[in-house]
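Undergrad: This structure is in structure tokens; I'll ask about it shortly.
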Amino acid sequence: MARKSTEEDLFETLKGWVQEDISAPGYRAWQTRAKENFRFITPWGQWTEEEKSELTEQMRPIISFNKTNKFLRAICGIEVNNRLQTSYVPREPDNAGEVKANELLSDGASWMDETSDAPRHQSRAFRDANICGVGCTESSISYDDDPEGLYIEERIYPREMFWDKNSRDQNFEDAKRVGRIRQMSLKEARELIPGVTSTMTVEDLDASWAEDVGATNKGDPKTQKQKERRDESRADDNDPKRNVKIVQIQWWEYEAYVRAVNPNAGMPKEDGSPEPKHKDMDPEQFKLLNEQFKADPRNIMGEDLPSSKLRRKVFKQAFIGGKLLQEGPAPRPDGFTFNFVTAEPDDEDGSFYSLVDLLKDPQKWSNKFFSQMMHIINSSAKGGIMAERGAFADVKAAMANYGKPNGVTILEDGAIAKGKVMAKPGGAITAGVAGLLERADAAFPDVTGMNLELMGMADREQAGVLEAQRKQSAMTILATIFDARSLMKKNVGRTKLYFLQNHLMSDERWIRIDGKDGPVAKKLTANDVGGKYDTIVGDAPSAPDTKERAWVALQPVLPFFIEQGSMTPDLAAEIIDFIPGLPTKLQEAFKKALTQPKPGADEQAALAKEGAVAQIEKDKGSAQQSNTAAVLNLARATEANAKAREAELLTGLKDYFSKMMGKPPSREADDAEIIGPDRARQGASPMQQLPQMFDQEPQQSLPPEGLGGIVPPGGLNGNGGF
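Be aware that the sequence shown starts at 9, since it is given in our numbering, and climbs by one per residue.
Quick look at the structure:
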């Protein structure tokens with residue numbers, strides 16, 4: 009027996025995974041519920057065909073008061089009015105301790121949303137989750153309309169999706185594989201992968217094994233009509249209307265690698281950047297590098313290169329039909345590009361249930377009770393009469409006119425008094441039936457937690473604070489489904505980040521972003537969008553409910569900023585974005601008016617500047633004069649103190665020299681006798697003409713002009729003063 013090729017082995021492995029997942033009891037039960045739920049929300053889908061036939065036989069009216077759709081639209085409307093935006097915060101900030109979002113990347117993500125209409129598709133997936141429990145979009149790069157590539161995000165009909173049967177986490181975050189089984193025309197299938205599927209046979213393209221997987225399980229056999237339709241579609245291989253099934257699957261598997269110390273760490277690379285401290289490589293590459301390291305003459309002991317054996321997730325993608333069509337790396341190397349949003353989990357069978365699942369019983373019973381009441385009213389509106397012979401003057405006329413509201417029936421004289429005519433007792437609507445109908449209608453908000461305040465339908469007067477609290481209580485009950493939406497948005501944000509940095513980044517690409525002065529164009533360059541970032545999800549400023557809440561919170565504090573003079577044009581331009589109900593065109597006009605200078609404002613600003621400079625110079629001159637006067641006064645005081653000290657010292661010296669010369673102390677020695685005739689003739693002052701031993705007296709100096717006349721604590725010379 010010939011050994012199977014690697015390609016055949018992979019096909020059998022992937023095929024086995026898909027068969028296991030779509031044949032799981034929980035998945036099959038979910039598929040049945042999902043089909044019913046999508047039909048149930050329509051005006052004509054709340055009665056099955058069997059129920060309609062039964063009601064018709066019983067001559068009962070088929071009535072549907074579709075209240076389910078009201079609650080579905082309410083929760084979807086809340087999501088639309090509170091959409092989220094994505095921002096990217098660098099993991100390695102440029103400045104220590106500073107973490108600031110990359111505005112260009114965040115604006116780039118918003119640009120991707122606008123060009124692909126992604127928010128609308130995400131809202132549709134959120135709606136799907138509330139109908140059947142699971143919603144999904146797919147992110148991809150399309151080159152059909154732009155050779156540089158455009159971001160595409162499209163909603164996928166959830167019944168085309170499948171997932172790892174062992175997954176139990178929200179949004180299938182723990183799934184090892186997810187995929188899609190899509191039915192398409194033969195022509196589309198042959199155009200799916202250019203150069204690959206164009207020449208393949210129908211048998212190679214058609215994943216017929218996925219179509220009938222569930223048929224072998226009891227409860228889902230194919231009907232004869234379905235078999236005939238399938239055989240008819242396969243009759244002609246060249247028929248462009250023929251449909252085939254293609255399976256797209258994404259999965260991850262572990263890959264071993266080695267992280268080793270880089271022997272060339274810190275050395276410059278070809279691009280000038282330094283070599284990293286560590287290198288990640290597969291085991292074979294490490295083996296070669298380690299042999300080179302051991303053979304290096306500098307490695308005297310022949311030691312191994314320090315390293316660690318690790319593992320990592322590797323994401324892959326494949327397209328399969330009757331055989332493996334294509335296999336390779338996933339569009340995003342660190343995650344799936346299928347973006348799931350899930351509702352409430354059923355961990356027993358690995359499926360999810362929805363808002364519509366909760367509303368089905370109240371809706372069905374409301375319809376049934378109302379139909380029953382209508383039937384009772386119709387069949388007993390006029391129960392007929394009992395009459396004795398001779399009660400009517402004309403029996404035929406009485407039979408023709410008795411049931412008419414405006415008809416006149418002639419009776420024989422005394423017939424009414426004698427009680428010859430009596431109405432038959434009719435069936436009446438009992439209080440119990442009416443109570444059951446009322447209970448069924450009241451169950452709608454009870455089972456969902458969506459009270460009338462949340463939908464703005466409360467018909468009672470109550471305080472605004474109380475109504476706000478009841479709305480908040482309802483939102484608390486619905487928080488889990490909105491948490492799943494936030495998780496989905498974060499996964500989408502990570503995908504967009506990878507696409508921005510690896511597919512859409514180009515020195516030739518211009519994108520439109522919203523600047524302070526209106527829309528501006530910028531380029532997506534490597535220096536602006538490179539690096540590692542964390543994805544942050546928050547409320548979008550453009551969301552109507554976000555604007556409303558922000559405006560309510562701003563109103564009390566705006567007067568404070570105005571009174572303090574802190575209302576700058578930039579701040580006012582930011583506040584304009586949060587004024588609810590303001591058209592975009594008017595917002596831009598207001599911002600433009602704030603940023604543009606007023607007529608003559610430049611001249612006024614120049615004059616004001618000149619006046620301010622003149623005043624500053626005047627104040628500076630006054631301050632310098634004051635400082636100079638203070639310094640002069642201090643200098644005069646210093647000189648007076650010095651002269652007094654000099655006189656005291658000179659008197660003491662004269663007494664000393666008088667004693668040394670044998671003269672009485674009362675006779676003062678003259679200057680020449682003390683300091684000598686030569687120095688006295690030079691005209692030096694006594695303090696300057698003292699012997700050298702006294703020249704060590706510290707020299708005094710005025711402070712420099714720039715000091716501003718401020719005296720240091722230790723005096724002008726800073727050493728303790730005199």
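Ideal placement from N, C-alpha and C gives every residue a C-beta, glycine not left out.
Small disclaimer: the values here were computed from a predicted structure and weren't measured.
Suppose only complete runs of 3+ residues qualify. What are the beta strand (DSSP E) ranges in the region 143 to 219, listed by chain order?
TA: 158 to 164, 169 to 171 and 185 to 193
Undergrad: By DSSP, does residue 304 sit in helix, in strand, or in coil?
TA: Taking the sequence shown and counting its residues from 1, one reaches residue 304 at position 296. Residue state, collapsed to three classes: coil.
Undergrad: Expressed to the nearest angstrom, what Euclidean distance is found between the alpha-carbon atoms of residue 545 and residue 180?
TA: Translated into positions along the sequence shown, residue 545 becomes position 537. Translated into positions along the sequence shown, residue 180 becomes position 172. Near 19 Å, if we compare the C-alpha coordinates of residue 180 and residue 545.
Undergrad: Please report the straight-line C-alpha distance between residue 255 and residue 159, rounded to a whole angstrom.
TA: Residue numbering aside, residue 255 sits at position 247 when the sequence shown is read from its first letter. Residue numbering aside, residue 159 sits at position 151 when the sequence shown is read from its first letter. Taking the straight line from one Cα to the other gives about 22 Å.
Undergrad: I'd like to check one pair, residue 144 with residue 360: are the Cβ atoms closer than 8 Å?
TA: Here residue 360 is taken as the residue at index 352 of the sequence shown, counted from 1. Here residue 144 is taken as the residue at index 136 of the sequence shown, counted from 1. Not in contact: residue 360 and residue 144 (Cβ atoms no closer than 8 Å).
Undergrad: Return helix, strand or coil for residue 720, following the three-state DSSP convention.
TA: As a first step, residue 720 is located in the sequence shown; it is residue number 712 there, counting from the start. Low confidence applies to residue 720: its pLDDT is 36, below 50, so where it sits in the model is not reliable enough to give any reading.
Undergrad: Based on Cα-Cα distance, which residue from 65, 189, 203 and 195 lies nearest to residue 210?
TA: As a working note, residue 210 is residue 202 in the sequence shown. If we check each option's Cα against that of residue 210, 195 comes out closest.
Undergrad: Could you tell me which of 22, 379, 340 and 444 sits nearest to residue 172, measuring between CA atoms?
TA: Here residue 172 refers to the residue found at position 164 when the sequence shown is read from its first residue. Out of 22, 379, 340 and 444, 22 has the C-alpha closest to the C-alpha of residue 172.
Undergrad: What did DSSP end up calling residue 673 once you bin it into helix, strand or coil?
TA: Numbered from 1 along the sequence shown, position 665 holds the residue referred to as residue 673. Any reading at residue 673 needs caution, since the residue's pLDDT is 49, under 50, leaving its predicted position unreliable; the model's value is listed next. Residue state, collapsed to three classes: coil.
Undergrad: Around the Cβ of residue 510, are there at least 16 other Cβ atoms within 10 angstroms (buried) or fewer (exposed)?
TA: Position 502 of the sequence shown, counting from 1, holds the residue named residue 510. That one is exposed.
Undergrad: Considering only the beta carbon of each residue, do residue 249 and residue 216 sit closer than 8 Å?
TA: One-based indexing of the sequence shown puts residue 249 at position 241. One-based indexing of the sequence shown puts residue 216 at position 208. Their beta carbons are not under 8 Å apart, which means residue 249 does not touch residue 216 by this criterion.
Undergrad: Where residue 38 and residue 138 are concerned, what is the direct C-alpha to C-alpha distance, given to the nearest angstrom?
TA: Position 30 of the sequence shown, counted from the first residue, corresponds to residue 38. Position 130 of the sequence shown, counted from the first residue, corresponds to residue 138. Whole-angstrom Cα-Cα distance: 13 Å.
Undergrad: Relative to the alpha-carbon of residue 404, which residue among 392, 417 and 73 has its alpha-carbon at the smallest distance?
TA: Looking up residue 404 in the sequence shown gives position 396. Nearest of 392, 417 and 73 to residue 404, Cα basis: 417.
Undergrad: Using the three-state DSSP reduction, which class does residue 348 fall into: helix, strand or coil?
TA: In the sequence shown, the residue the question calls residue 348 occupies position 340. Looking at residue 348 - three-state DSSP - the assignment turns out to be strand.
Undergrad: With burial defined as no fewer than 16 other Cβ atoms inside 10 Å of the residue's Cβ, what is the status of residue 485: buried or exposed?
TA: Within the sequence shown, residue 485 is the residue found at index 477, counting from 1. Under this definition residue 485 is an exposed residue.
Undergrad: Give a yes or no on whether the C-beta atoms belonging to residue 504 and residue 94 are separated by under 8 Å.
TA: For the purposes of this step, residue 504 is identified with residue 496 of the sequence shown, where counting begins at 1. For the purposes of this step, residue 94 is identified with residue 86 of the sequence shown, where counting begins at 1. Yes; because the gap between Cβ atoms is below 8 Å, this pair is in contact.
Undergrad: Does residue 516 pass the burial test, meaning 16 or more other C-beta atoms within 10 Å, or should it be called exposed?
TA: As a first step, residue 516 must be located in the sequence shown, where it is residue number 508. Its Cβ having fewer than 16 others within 10 Å, residue 516 is exposed.
Undergrad: Assuming residue 94 is part of the beta strand (DSSP E), what are its boundary residues?
TA: Looking up residue 94 in the sequence shown gives position 86. Start and end: 92 to 98.
Undergrad: Which same chain residues end up closer than 7 Å to residue 498 when comparing Cβ atoms and leaving out the 5 residues on each side of it in sequence?
TA: Stepping through the sequence shown from its first residue, residue 498 is reached at position 490. Closer than 7 Å at Cβ, skipping near neighbours: 543 and 545.
Undergrad: Per DSSP, residue 419 is paired with what?
TA: Residue 419 sits at position 411 when you count from the first residue of the sequence shown. DSSP, once it has assigned bridges, lists 400 as partnering residue 419.
Undergrad: Does the pairing of the region 351 to 367 with the region 55 to 70 give three or more beta-carbon distances under 8 Å?
TA: no
Undergrad: Would you tell me roughly how many angstroms separate the C-alpha atoms of residue 448 and residue 126, rounded to the nearest one?
TA: Here the question's residue 448 lines up with position 440 in the sequence shown. Here the question's residue 126 lines up with position 118 in the sequence shown. Each residue's alpha carbon lies about 38 Å from the other.
Undergrad: Does the distance from the C-beta atom of residue 266 to that of residue 193 stay below 8 Å?
TA: To locate residue 266, count along the sequence shown from 1; it is residue 258. To locate residue 193, count along the sequence shown from 1; it is residue 185. At the C-beta level, residue 266 and residue 193 stay beyond 8 Å of one another.
Undergrad: Cβ atoms of residue 167 and residue 42: under 8 Å apart, would you say?
TA: Position 34 of the sequence shown holds residue 42. Position 159 of the sequence shown holds residue 167. Closer than 8 Å, so yes.
Undergrad: Closest by CA to residue 292, which one among 317, 421, 15 and 275?
TA: Counting from one through the sequence shown, the residue named residue 292 turns up at place 284. Comparing Cα-Cα distances from residue 292 to each of 317, 421, 15 and 275, the minimum goes to 317.
Undergrad: Return the CA-CA distance between residue 299 and residue 14, expressed in angstroms with no decimal places.
TA: If you number the sequence shown from 1, residue 299 lands on position 291. If you number the sequence shown from 1, residue 14 lands on position 6. So the two alpha carbons sit approximately 31 Å from each other.
Undergrad: When DSSP builds the beta bridges, which residues end up paired with residue 334?
TA: In the sequence shown, the residue the question calls residue 334 occupies position 326. DSSP lists 327 as partners of residue 334.
Undergrad: Going by C-alpha distance, which of 289, 476 and 25 is nearest residue 174?
TA: Taking the sequence shown and counting its residues from 1, one reaches residue 174 at position 166. Cα-wise, what sits closest to residue 174 is 25.
Undergrad: Classify residue 528: buried if its beta carbon has 16 or more other beta carbons within 10 angstroms, exposed otherwise.
TA: On the sequence shown, position 520 is the one that residue 528 refers to. So residue 528 ends up on the exposed side.
Undergrad: Rank 35, 491, 98 and 154 by C-alpha distance to the C-alpha of residue 536 and give the top, closest one.
TA: Within the sequence shown, residue 536 is the residue found at index 528, counting from 1. If we check each option's Cα against that of residue 536, 98 comes out closest.
Undergrad: Just how far apart, CA to CA, sit residue 61 and residue 52?
TA: Sequence index remark: in the sequence shown, residue 61 carries index 53 (1-based). Sequence index remark: in the sequence shown, residue 52 carries index 44 (1-based). C-alpha separation (whole angstroms): 14 Å.
Undergrad: According to DSSP, simplified to helix, strand and coil, what is residue 543?
TA: Numbered from 1 along the sequence shown, position 535 holds the residue referred to as residue 543. Here residue 543 sits in strand by DSSP.
Undergrad: What residues in its chain sit with their C-beta under 6 Å from that of residue 227, if we drop five residues either side in the sequence?
TA: Residue numbering aside, residue 227 sits at position 219 when the sequence shown is read from its first letter. Because residue 227 carries a pLDDT of 43, less than 50, the predicted location of this residue cannot be relied on, and the following value inherits that uncertainty. Taken in chain order, the list of residues that qualify is empty.
Undergrad: I'd like the list of long-range same chain contacts for residue 294, defined as Cβ closer than 7 Å, with 5 residues on each side in sequence excluded.
TA: The residue labelled residue 294 in the question sits at position 286 within the sequence shown. Cβ within range, chain order: 266, 268 and 315.
Undergrad: Taking the straight line between their C-alpha atoms, what separation do you get for residue 297 and residue 16?
TA: Counting from one through the sequence shown, the residue named residue 297 turns up at place 289. Counting from one through the sequence shown, the residue named residue 16 turns up at place 8. Taking the straight line joining both Cα atoms gives about 34 Å.
Undergrad: Pick out the complete beta strand (DSSP E) segments inside the region 469 to 523, 3 residues or longer, and give them in chain order.
TA: 514 to 523
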